[in-house]
């Protein structure tokens, strides 16, 4: 898929999440917006082709990570202060969920094990996520895994997610 097409696809996906959130109120009120607070080296992974949508935007910087997919560094979007929901990358829009996908296996939508600080990932919060939000996250990943570079990214990311799951048992 060309970079123009993938950028348009991300923009369409973003629109679906503009008004769809994990719970019906600002979950950041529960934790002091912990997921939006990072330092100069923490942020959210950008999906393949997504960085083009953030180049030159204020309040964001893009850094390369040591996480390689196809011998290329995965890019991390670092926020410099709060942002509007409609300006966020896919990783923020689907938080605290993520797609776990290995080539040749079934796609699973899981609570992101890297998000243990989020109250929505705690066992007592089970069942609190809006079912429509979860359904849309699943639908999004069902589309994205059909794109070879995204499937490869998710396959590599799944190793990291599984390591996190082992560390948090």
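In the numbering used here, the protein residues as written are 734 to 902. Even glycine gets a Cβ: it sits at the ideal position worked out from N, Cα and C. Owing to the predicted nature of the structure, the values given are computational and were not obtained by experimental measurement.
Residue i versus residue j: straight-line alpha-carbon distance, rounded
i           : j           : result
residue 751 : residue 866 : 11 Å
residue 845 : residue 755 : 13 Å
residue 675 : residue 789 : No answer is possible for residue 675: the residues shown for the chain start at 734 and end at 902.
residue 801 : residue 827 : 22 Å
residue 753 : residue 838 : 28 Å
residue 862 : residue 829 : 10 Å
Residue nearest to residue i in terms of C-alpha spacing, selected from the options
i           : options            : result
residue 808 : 786, 816, 738, 828 : 786
residue 816 : 793, 801, 798      : 793
residue 872 : 859, 899, 842, 892 : 842
residue 791 : 753, 820, 839      : 820
residue 749 : 894, 899, 870      : 870
residue 818 : 900, 747, 892, 736 : 747
Contacts around residue i, its chain only, beta-carbon distance under 7 Å, and the 5 residues preceding and following it disregarded
i           : result
residue 783 : 743, 822, 823
residue 897 : 846, 847
residue 903 : Because the chain spans 734 through 902 in this model, residue 903 falls outside it and cannot be assessed.
residue 745 : none
residue 814 : 792
residue 892 : none
residue 859 : none
Proximal residues to residue i (C-beta, below 6 Å), its chain only, five neighbours per side dropped
i           : result
residue 739 : 782
residue 880 : 734
Close Cβ partners of residue i (< 8 Å) along its chain, the five nearest in sequence each way excluded
i           : result
residue 776 : 796, 809, 810, 811, 812
residue 780 : 743, 822, 823, 824, 877, 883, 886
residue 874 : 832, 834, 840, 842, 887
residue 894 : 831, 833, 843, 845, 846, 847
Residue i burial status per 10 Å Cβ neighbour count (16 or more: buried)
i           : result
residue 890 : buried
residue 831 : buried
residue 778 : buried
Uninterrupted alpha helix (DSSP H) stretches inside the region 870–896 (no shorter than 4 residues): Listed in chain order, the alpha helix (DSSP H) runs fully inside the region 870–896 amount to none, counting runs of at least 4 residues.
Could you give the uninterrupted runs of the beta strand (DSSP E) lying entirely in the region 779–825, keeping only those of 3 residues or more? If you keep only unbroken beta strand (DSSP E) runs of at least 3 residues inside the region 779–825, you get 793–802, 805–812.
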